[in-house]
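Below is one structure, written out as structure tokens; the observations come after it.
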Amino acid sequence: MHISSFIFWFQNEFKTFLTAAGHKLAVVEFSSTWCGPCKRMCPIFHELAETCHIRRIPTFQMFKKSQKVTLFSRIKRIICCYRSGVMSNPIFEFCGADAKILEAKIQELM
1 MHISSFIFWF QNEFKTFLTA AGHKLAVVEF SSTWCGPCKR MCPIFHELAE
51 TCHIRRIPTF QMFKKSQKVT LFSRIKRIIC CYRSGVMSNP IFEFCGADAK
101 ILEAKIQELM
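Start counting the sequence shown at 1; every next residue gets the next number (the UniProt record's numbering).
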């Protein structure tokens, strides 16, 4: 199984990635090298991606068919998306280091 991993430096690279993913499930990990929970989740995230046949990898957000649902209020989401130029919509957003929640949601969306 091949899992692609990307680092996005610019908004247009992220939008291009989402467009290329099309109708495939894309799991996007937003993390940093200094974040403790990020460090703990990194190996778990890659293991889950392989177990659940996630083909593309670049808080966790999941995108499917470019539809986004977040924990933000609708108005806040619209403002954030407009400012950042993101027009795709996540269908699930996850923050923290609980691998069971992430695995359950990936299984549900597959």
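Note that beta-carbon positions come from the ideal geometry of N, C-alpha and C, so glycine has one too.
Pair within 8 Å by beta-carbon distance, residue i and residue j
i     : j      : result
ARG40 : ALA104 : no
Residue i versus residue j: straight-line alpha-carbon distance, rounded
i     : j     : result
PHE30 : GLY36 : 13 Å
PHE8  : THR19 : 14 Å
GLU13 : VAL28 : 13 Å
CYS38 : PHE17 : 22 Å
THR59 : PRO43 : Residue placement at THR59 is flagged as unreliable, the pLDDT there being 41, under the threshold of 50; the coordinate-derived value follows with that caveat. Using only the alpha carbons, I get a separation of about 15 Å.
PHE10 : THR33 : 18 Å
LYS15 : GLU47 : 25 Å
Residue i burial status per 10 Å Cβ neighbour count (16 or more: buried)
i     : result
ALA21 : buried
PHE45 : buried
Residues near residue i in its chain [Cβ-Cβ closer than 6 Å; skip 5 each side]
i     : result
PHE99 : Note that residue 99 is Ala in the sequence shown here, rather than Phe. These residues qualify, in order along the chain: ILE44.
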